[in-house]
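Have a look at the structure below, then the notes.
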Amino acid sequence: MRNSETRQRQRPTADTRRATAGAVSHRVHWLDRLRAWGRHHRQEAGISLGKLLRQPFASMMTLLVIAIALALPALLYVVLNNVSQLSGEVGQSTRISVYLKDSVEEAEGESLAFELSRDATWHDVRYISKEQALKEFQALSGLKDVLAGLDENPLPAAIVLEPSRQLGPLEAQQQLSKLQALPEVEQAELDLQWVQRLHAILDIAKRVVVALSGLFGVAVLLVVGNTIRLAIESRREEIVVIKLVGGTDAYVRRPFLYTGLWFGLYGGLLAWGLVSMALFWLEQPVTALGSLYQSSFVLAGLDAEATLILISGAVLLGILGAWLAVGRHLTAIQPT
Numbered sequence: 466m467r468n469s470e471t472r473q474r475q476r477p478t479a480d481t482r483r484a485t486a487g488a489v490s491h492r493v494h495w496l497d498r499l500r501a502w503g504r505h506h507r508q509e510a511g512i513s514l515g516k517l518l519r520q521p522f523a524s525m526m527t528l529l530v531i532a533i534a535l536a537l538p539a540l541l542y543v544v545l546n547n548v549s550q551l552s553g554e555v556g557q558s559t560r561i562s563v564y565l566k567d568s569v570e571e572a573e574g575e576s577l578a579f580e581l582s583r584d585a586t587w588h589d590v591r592y593i594s595k596e597q598a599l600k601e602f603q604a605l606s607g608l609k610d611v612l613a614g615l616d617e618n619p620l621p622a623a624i625v626l627e628p629s630r631q632l633g634p635l636e637a638q639q640q641l642s643k644l645q646a647l648p649e650v651e652q653a654e655l656d657l658q659w660v661q662r663l664h665a666i667l668d669i670a671k672r673v674v675v676a677l678s679g680l681f682g683v684a685v686l687l688v689v690g691n692t693i694r695l696a697i698e699s700r701r702e703e704i705v706v707i708k709l710v711g712g713t714d715a716y717v718r719r720p721f722l723y724t725g726l727w728f729g730l731y732g733g734l735l736a737w738g739l740v741s742m743a744l745f746w747l748e749q750p751v752t753a754l755g756s757l758y759q760s761s762f763v764l765a766g767l768d769a770e771a772t773l774i775l776i777s778g779a780v781l782l783g784i785l786g787a788w789l790a791v792g793r794h795l796t797a798i799q800p801t
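For the sequence shown, the tail end lands on 801 under the numbering used here, and the numbers increase by one without skipping.
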């Protein structure tokens, strides 16, 4: 009887076994991990934005520097885009003058003009007879009496062609050679020099815009990187504690990346606002200048595609600047 009681006292109960079993490992479902990951991202995004809002002056100074660095190349792009649009309108009004041989009759000249007008390259094809050319020259030169004393009309018949779209220097030269090869044509003329100069200037301007965009992009990286560096130094002790309790570099890096994201996003939006304000300020004088030249030119701003590129590029620069700064300075902070 006594031995039986002793065995019962020595036999562990189920509760005792559960209490002494220690920690029990179990697998966490991947969906729970994903939810926790998303929840932490939302928390860090809100916390990083709140820290920026609690320091309005310092945050606004950084945003202004980023916005100005982004707005300058964006404004140059808009100016270049408008100049290209204006050059297209000028290119469309560029005329090629085809002077016919003296042996070509008026009916043949009109027939040639009709054949050329069927080509989609030309927006307007106008035949000018010898008599009409003489009248126009008399009206423009003021030498009506002198020209009237001539025995015969020295001016040839001509065909004036206006392209339906902007012709580049190479295409214009090809069209000029094609017209010059016609048997009825004595000479074809086009002032290609100014067209070539205009395209050369536009090509240089495009390269300048690309180079400045790269330089100002590097400036944005430096500004964001320096701001993140200061934020890391101010939270050095907190980072040390996080690493002591097993926090990973990705965990520590996350809030700083969101800080760079917010700087890039709001810096890009502010840059878009600065460009829009500058265009609004220039719109009235540009319209007034165009009216003096009987032009309906309208100053074009940033379209949806350019706006998306500006803002998304600013966000990427902000994240990249933060990533580089964190990667450089985070390794130097280690618990001792």
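For every residue, glycine included, the Cβ atom is placed at its ideal position computed from N, Cα and C.
Note that this is a predicted model, so its numbers are computed, not measured.
Please confirm whether residue i and residue j have their CB atoms less than 8 Å apart.
| i | j | result |
| --- | --- | --- |
| Pro-628 | His-664 | no |
| Ile-776 | Trp-737 | yes |
| Ile-798 | Ile-704 | yes |
| Val-548 | Leu-667 | yes |
| Ile-561 | Gln-661 | no |
| Phe-681 | Leu-517 | no |
| Ala-585 | Ile-624 | no |
Under the assumption that residue i contacts residue j (Cβ atoms under 8 Å), give the Cβ distance between them as a whole number of angstroms.
| i | j | result |
| --- | --- | --- |
| Leu-565 | Ala-622 | 5 Å |
| Gly-786 | Gly-725 | 6 Å |
| Val-420 | Leu-795 | For residue 420 there is no data in the structure shown, the boundaries of the chain being 466 and 801. |
| Leu-781 | Ala-532 | In fact, because the Cβ distance is near 16 Å, the residues do not count as touching under 8 Å. |
| Leu-626 | Val-590 | 5 Å |
| Leu-529 | Phe-728 | So it is not a contact: roughly 11 Å between Cβ atoms. |
| Val-674 | Leu-541 | 5 Å |
| Leu-551 | Phe-745 | Incorrect: roughly 19 Å between the Cβ atoms, too far for contact. |
Buried or exposed for residue i, going by 16 or more other Cβ atoms inside 10 Å?
| i | result |
| --- | --- |
| Tyr-592 | buried |
| Leu-499 | exposed |
| Val-563 | buried |
| Ala-779 | buried |
| Pro-800 | exposed |
| Ala-646 | exposed |
Taking the straight line between their C-alpha atoms, what separation do you get for residue i and residue j?
| i | j | result |
| --- | --- | --- |
| Ala-696 | Leu-754 | 50 Å |
| Glu-748 | Leu-764 | 6 Å |
| Gly-511 | Val-710 | 23 Å |
| Gly-487 | Ile-707 | Low confidence applies here, because Gly-487 scores a pLDDT of 48, under 50, leaving its location unreliable and the question unanswered by this model. |
| Leu-537 | Arg-700 | 34 Å |
| Asp-768 | Ser-568 | 54 Å |
| Leu-462 | Ala-743 | Given that the chain is displayed from residue 466 to residue 801, the structure contains no residue 462 and the question cannot be resolved. |
| Arg-504 | Glu-636 | 59 Å |
| Val-751 | Ser-576 | 43 Å |
| Met-526 | Gln-520 | 10 Å |
| Gly-712 | Arg-793 | 18 Å |
| Leu-644 | Val-683 | 51 Å |
| Arg-507 | Arg-719 | 11 Å |
| Leu-789 | Gln-638 | 51 Å |
| Ala-691 | Glu-698 | Note that residue 691 is Asn in the sequence shown here, rather than Ala. Roughly 11 Å separates the two Cα atoms. |
| Leu-496 | Ser-678 | 43 Å |
| Ala-523 | Leu-632 | 52 Å |
| Leu-730 | Ile-669 | 30 Å |
| Ser-642 | Lys-671 | 30 Å |
| Arg-630 | Gly-515 | 54 Å |
| Ala-539 | Arg-583 | 42 Å |
| Thr-772 | Ser-741 | 11 Å |
Give me, in chain order, the residues of the same chain whose beta-carbon lies closer than 6 Å to that of residue i; leave out the 5 immediate sequence neighbours on both sides.
| i | result |
| --- | --- |
| Gly-574 | Leu-565, Tyr-592 and Ala-622 |
| Phe-721 | Ile-693, Ala-787 and Val-791 |
| Glu-571 | Ser-594 |
| Tyr-723 | Glu-509, Ala-510 and Ser-513 |
| Ala-479 | Confidence at Ala-479 is low in this model, with a pLDDT of 46, below 50, so the placement of that residue should be treated as unreliable; the coordinate-derived value is given next. Result list for Ala-479: empty, nothing under 6 Å. |
| Val-489 | Unreliable placement is indicated for Val-489, whose pLDDT of 49 sits below 50; the coordinate value is still reported in the next sentence. Around Val-489: no qualifying Cβ. |
| Val-685 | Ile-531, Ala-534 and Leu-782 |
| Leu-735 | Leu-528 and Ala-532 |
| Glu-770 | none |
| Gly-766 | Leu-744 |
Keeping to the same chain, check which residues put their C-beta closer than 7 Å to that of residue i; ignore five residues upstream and five downstream.
| i | result |
| --- | --- |
| Leu-620 | Lys-595, Ala-598, Leu-599 and Phe-602 |
| Asp-714 | Leu-795 |
| Asn-546 | Ala-765 |
Residues in the same chain with beta-carbon distance under 8 Å from residue i, minus the five sequence neighbours each way, listed in chain order, please.
| i | result |
| --- | --- |
| Leu-687 | Gly-786 |
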